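In my numbering, the protein residues as written are 104 to 547. The structure appears right after this line, and notes come after that.
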Ligand code: XLS
Ligand code: NI
Ligand code: NI
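What follows is the structure, given as structure tokens:
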């Protein structure tokens, strides 16, 4: 493995505290620091993604690639380009000092001239990945298949009107699921970027619903057949690239899974920017998943308050992330999941070293949010107030309602007999907002 693409950075990046003048150090992230009985690294389980940082040249709808990424140059032999890309990626990951990475099949193994050639490239590339994982110790948080870039998928993979495309997508997922297992991946993710529609005028909604359910059932069956021990995760997003995507948000995906008897087969991979695109806060999406036992993993990033698309910026707000991390901790923390930086540089951040600055700042934001979340949990900043607010449900009336013994008529009779006259009690939102802020300002 060559070690030559990030020569400005010595690595591995070390913790040096908030007062360090060196931006290529961690200000808060200390992998071995113990927080609530667990190492920071084991709480956060940080990973970097290979798509935005290594497979995207900095193009946008109006302009050419701006980044200095020699492995993406035109005219290279696909295997030579793949090898360079993997060398760069694994040099970056080990210098950054994070335990995991995430990848789509097509980020590193492009399609060849025909099916056989595609398979030849794929096998050779995955051997290279395996070697680099072994030599660096970096592990796979999750693998996934790209079912959205190639024109064959323009009308969807699982929800394509053509069953041959469904079969093609199934074959691609089968191979990538098996490869994720071979590489020791902790999860397998399905993001349905084109599982949706652009126009209802040409779409059979009920048919596509059945197709998607069948696809997810087949994937779950195959997981059990091969004995993959990781978790299957679905990543919600409301739209982009299609106008409407079936996996809109956590609650929609959860409802779909329940409707098709798949709720024990899949969990959720929640992305901050997808939450805000769907009109929710990221805190809401995480809280929903935790409340229903559906939390799998997180794609860490952020949107832009002025733009209505998936800008995938690096997270920088402790105020927003602390509450999401709080929910994760409250739910017992990650099992197979972690924080994957599904985030990309701005197109003007052309230096390769910018990749380090972006990840370091995002990782420190997460680490700081972890400290705040742990502090809130230990001090019962929110849990006490919430428990008090619902305390009535511990009494006889509350229990009789929830265990189903009280009928509507029983309740009506009780209201009359006992002359119920419940008085409004303050929800105390501003007080709690102030208390959360105190933890954000003071946690250490
Ligand atoms: C795109 C998604 C994608 C998934 C993996 O918006 O975030 O990157 O995480 O396919
Ligand atoms: Ni994502
Ligand atoms: Ni995204």
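For each residue, glycine too, the CB sits at the ideal point set by N, CA and C. The structure presented is a predicted model; accordingly, all values stated were derived computationally and were not measured.
Looking at residue i and ligand 1, is the gap between the Cβ and the nearest heavy atom below 7 angstroms?
i, result
"residue 340", "yes"
"residue 440", "no"
"residue 253", "no"
"residue 445", "yes"
"residue 282", "no"
"residue 402", "yes"
"residue 414", "no"
"residue 262", "no"
Going straight from the alpha carbon of residue i to that of residue j, what length do you get?
i, j, result
"residue 194", "residue 322", "33 angstroms"
"residue 509", "residue 500", "8 angstroms"
"residue 398", "residue 373", "8 angstroms"
"residue 199", "residue 238", "15 angstroms"
"residue 444", "residue 320", "28 angstroms"
"residue 174", "residue 205", "19 angstroms"
"residue 164", "residue 384", "28 angstroms"
"residue 535", "residue 485", "7 angstroms"
"residue 252", "residue 223", "20 angstroms"
"residue 232", "residue 491", "52 angstroms"
"residue 498", "residue 526", "17 angstroms"
"residue 454", "residue 126", "15 angstroms"
"residue 196", "residue 459", "10 angstroms"
"residue 313", "residue 217", "30 angstroms"
"residue 115", "residue 129", "10 angstroms"
"residue 540", "residue 547", "13 angstroms"
"residue 439", "residue 162", "33 angstroms"
"residue 585", "residue 155", "Here the chain has residues from 104 to 547 only, and residue 585 is not among them."
"residue 306", "residue 521", "56 angstroms"
"residue 470", "residue 118", "11 angstroms"
"residue 209", "residue 362", "32 angstroms"
"residue 495", "residue 360", "33 angstroms"
"residue 545", "residue 468", "15 angstroms"
"residue 507", "residue 519", "20 angstroms"
Got a sec: does ligand 2 put a non-hydrogen atom nearer than 7 angstroms to the Cβ of residue i?
i, result
"residue 343", "no"
"residue 374", "yes"
"residue 208", "no"
"residue 294", "yes"
"residue 350", "no"
Tell me, please, whether the CB atom of residue i is closer than 8 angstroms to any CB atom in chain D?
i, result
"residue 434", "Chain labels in this structure do not include chain D; a single protein chain is all it has."
For residue i, which residues from the same chain have a beta carbon less than 7 angstroms from its beta carbon, with the 5 sequence-adjacent residues on both sides left out?
i, result
"residue 473", "138, 143, 146, 147, 428"
"residue 315", "261, 262, 298, 349"
"residue 388", "352, 353, 373, 378"
"residue 264", "258"
On a CA-only basis, which of the options is nearest residue i? Give me that one, please.
i, options, result
"residue 344", "356, 414, 507, 371", "414"
"residue 246", "271, 275, 187, 534", "275"
"residue 327", "430, 351, 280, 165", "280"
"residue 367", "391, 336, 382", "336"
"residue 236", "203, 254, 216, 219", "203"
"residue 375", "420, 132, 228, 363", "420"
"residue 293", "273, 248, 393, 287", "248"
"residue 433", "390, 417, 449", "390"
"residue 342", "301, 358, 364, 422", "301"
"residue 230", "265, 186, 136, 214", "186"
"residue 287", "303, 242, 309", "242"
"residue 108", "213, 303, 457", "457"
"residue 151", "357, 409, 404, 285", "404"
"residue 340", "402, 290, 267", "402"
"residue 304", "330, 270, 346, 291", "346"
"residue 110", "190, 207, 167, 122", "190"
According to DSSP, which residues form a beta bridge with residue i?
i, result
"residue 137", "142"
"residue 400", "372"
"residue 206", "246"
"residue 166", "163"
"residue 442", "149, 401"
"residue 299", "348"
"residue 335", "291, 369"
"residue 416", "405"
"residue 129", "118"
If I measure Cβ to Cβ from residue i and keep anything under 6 angstroms in the same chain, skipping five residues before and after, which residues do I get?
i, result
"residue 437", "148"
"residue 134", "143, 144"
"residue 311", "262"
"residue 250", "256, 260, 272"
"residue 407", "414"
"residue 426", "386"
"residue 212", "224, 225, 228"
For ligand 3, any of its heavy atoms closer than 7 angstroms to the Cβ of residue i?
i, result
"residue 155", "no"
"residue 327", "no"
"residue 387", "no"
"residue 377", "yes"
"residue 407", "no"
If I measure Cβ to Cβ from residue i and keep anything under 8 angstroms in the same chain, skipping five residues before and after, which residues do I get?
i, result
"residue 503", "509, 513"
"residue 531", "488"
"residue 333", "245, 283, 284, 288, 289, 290, 291, 439"
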